[in-house]
Structures are given as C-alpha cells and as structure tokens.
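Protein chains in written order, with the working numbering: chain E, 75 to 186; chain G, 214 to 323. Scroll down for the structure; my scribbles are underneath it.
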Amino acid sequence: GENVEQHPSTLSVQEGDSAVIKCTYSDSASNYFPWYKQELGKGPQLIIDIRSNVGEKKDQRIAVTLNKTAKHFSLHITETQPEDSAVYFCAAGGFGDYKLSFGAGTTVTVRA
Amino acid sequence: NAGVTQTPKFRILKIGQSMTLQCTQDMNHNYMYWYRQDPGMGLKLIYYSVGAGITDKGEVPNGYNVSRSTTEDFPLRLELAAPSQTSVYFCASSLEETQYFGPGTRLLVL
Chain E
75 GENVEQHPST
85 LSVQEGDSAV
95 IKCTYSDSAS
105 NYFPWYKQEL
115 GKGPQLIIDI
125 RSNVGEKKDQ
135 RIAVTLNKTA
145 KHFSLHITET
155 QPEDSAVYFC
165 AAGGFGDYKL
175 SFGAGTTVTV
185 RA
Chain G
214 NAGVTQTPKF
224 RILKIGQSMT
234 LQCTQDMNHN
244 YMYWYRQDPG
254 MGLKLIYYSV
264 GAGITDKGEV
274 PNGYNVSRST
284 TEDFPLRLEL
294 AAPSQTSVYF
304 CASSLEETQY
314 FGPGTRLLVL
C-alpha cells in the first residue's frame, strides 16, 4: 500500500516568515495530494490540494508543489500569522475508492 | 447543511464493554470513511464504504465493525473494548477525492 512520510514533525517560525512542510510517497499510482489543517479539538479541514497533472497550485498565502518523478510534494505558507498555528497533514491517494494515506503530521507554531 | 456530524463527542468505556460511534452526513456523498488518530501517528483508515450496503476493511480494522444501510449513516461498532482502542475517531465523507471530516469522538478505554 501507499506510504507517506512527512517532515518535519514540528516547526516553529517567526510571524511573517515562511513555513515549508515536505512529504514523500511510495505509490507511483497516487495522483491526488491534499493538505489538511487541524486545529486543537477539531477535525481536519482541507486547505489545498493538487492533482498529478499540475506541478504547482496557489491560494493566497499557501501553495503546494508536486514533483511526480521524485514522488514528493510540499506545502508553502508565506507571511505566517498566529492563526496559522495548527497541525498540518499531507495525504496521497488515487481514483477509484478514493482512499487516502496520511503523513504523521507537522505541528506548526507561529511566534508573535 | 451540517456536513459530517459525529456522536458522542467523548466517551469513557470499561474494558470489554461495547459501543457504537455514530456518523451522519447530509451531503449525499457515496463514499464514507472511519479513521483513528493516535498522537504522532497521523490518521489510520479503519473501514470505508463506497455506497449503501458496501463496506471494506482499511489499514487497521481489527476490533471494529461497520454497516452502511443508508447513504447518510455509517456507524462504527466496538464489540469488546480494549485499552489499545483509546484514540480519537474521525468519520469522513466524499463525493470523489476530497474528503470532509467530522469533529471527532474522543474515546478512553480503562
């Protein structure tokens, strides 16, 4: 099955700086790569996703890049704000039953 | 439109007891999923369903059972609770790839 590794496990950044989280996956058949944000005591919420026919996608301060050859994808958050503090999960999956395999998560802390 | 709802929010069980975690979605999604989340371990898929009457095992199904009699509901059953089942349980649903999660049920087995 699919195996997703996520780094780093914790990330502390100064407000206004950028944060980068990286993930690798093992199954070359995976073609859908979402990122979820989880705030304390809540369920994961989708913040951005990318499909295999696209190399980069942006949505305001967040962007995701995908390198299918190297089987890795990354989340970039620019101009970080205190409300960006949360746990972020990457995931990988494919068509059909739409199952996802998740990374272990990155705890991001934005220091004021 | 409430999305995905889960009950209860928190439960304490004694070893050997049974319980059902409820999950309901009002988005008419065919696909539904149950995950457990342990500290530092991400989300692990327990069971999933591609439509009413169809269920299949995920990565960690042992000790759990599911049923899917309607499109809206996907209950998760624990028959003989064990301390290893202490976790936070999330239900999700999707129309296609994008999964939408409920708020979770925190379960403590003592």
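Cβ coordinates follow ideal geometry from the N, Cα and C atoms, glycine included.
Residue-level contact check: residue 162 (chain E) does not touch chain G, since none of the beta carbons of chain G fall below 9 Å from its beta carbon.
Contact note: residue 123 (chain E) reaches chain G through 311, using a C-beta cutoff of 7 Å and chain order. In this structure, residue 102 (chain E) lies away from residue 131 (chain E), with their beta-carbon atoms at least 9 Å apart. For residue 298 (chain G), the closest alpha carbon among the candidates G:283, G:319 and G:267 is that of G:319.
By the neighbour-count criterion, in which a residue is buried when 16 or more other Cβ atoms sit within 10 angstroms of its Cβ, residue 125 (chain E) is exposed. The Cβ atoms of residue 179 (chain E) and residue 112 (chain E) sit closer than 9 Å to each other.
At a cut-off of 9 Å between C-beta atoms, residue 217 (chain G) counts as an interface residue with respect to chain E.
When the alpha-carbon of residue 77 (chain E) is set against those of G:312, G:240, G:258 and G:322, the nearest one is in G:258. In the DSSP assignment, residue 228 (chain G) falls outside any beta strand (DSSP E) and carries neither an H nor an E. Taking all protein chains shown into account, residue 173 (chain E) has 16 or more neighbouring C-beta atoms within 10 Å of its C-beta and is therefore buried.
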